[in-house]
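Here's the structure, in structure tokens; my notes come after.
Numbering (mature numbering (1 follows the signal peptide of the UniProt record, and there is no 0)), first residue to last: -21 to -1, 1 to 122.
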């Protein structure tokens, strides 16, 4: 009986390294007080600061984030920014700002000012992830 118990323990100990311990990155979007907000309900004309924090990045993961907005009123999809490059809503005056410091896990998108047409699903998505879909979407309800 003692011999059988030892064999069982050895098998368990040898099997542990085979367990997949990969950390999968995920997003966490919170307000300035650390509260997860959904939906986001700011007023038109105000400034909105949306922050996506990427949790669980490994050194092998790429650090590129894309912000997009699927507008509710007309169903159009807009890629707003990639990392710090703003791609939309620059005319006649830039009203979007994208901020990301090197080696930071925070990506920030600032709407200044918000427009009533900004109502829709705001998404931050990790790009260059091969087949993994890593993103977070919050409903932006401009009032």
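Cβ coordinates follow ideal geometry from the N, Cα and C atoms, glycine included.
CA nearest to the CA of residue i, picked from the options
i, options, result
"residue 65", "23, 35, 79", "79"
"residue 123", "93, 112, 115", "Absent from the structure is residue 123, since the part of the chain shown begins at -21 and ends at 122."
Residues near residue i in its chain [Cβ-Cβ closer than 8 angstroms; skip 5 each side]
i, result
"residue 98", "50, 51, 52, 119, 120, 121"
Cutoff 6 angstroms; reference residue i; Cβ partners in own chain excluding five residues on either side
i, result
"residue -2", "No answer about residue -2 holds up, because its pLDDT of 37 lies below 50 and its placement is not dependable."
"residue 67", "57, 59"
Endpoints, the beta strand (DSSP E) within which residue i is located
i, result
"residue 104", "99 to 105"
"residue 59", "56 to 61"
"residue 89", "85 to 90"
"residue 27", "27 to 34"
Beta-carbon proximity check, residue i vs residue j, cutoff 9 angstroms
i, j, result
"residue 124", "residue 23", "This structure cannot settle anything about residue 124, because the visible part of the chain is limited to -21 through 122."
"residue 105", "residue 113", "yes"
"residue 63", "residue 77", "yes"
"residue 115", "residue 84", "no"
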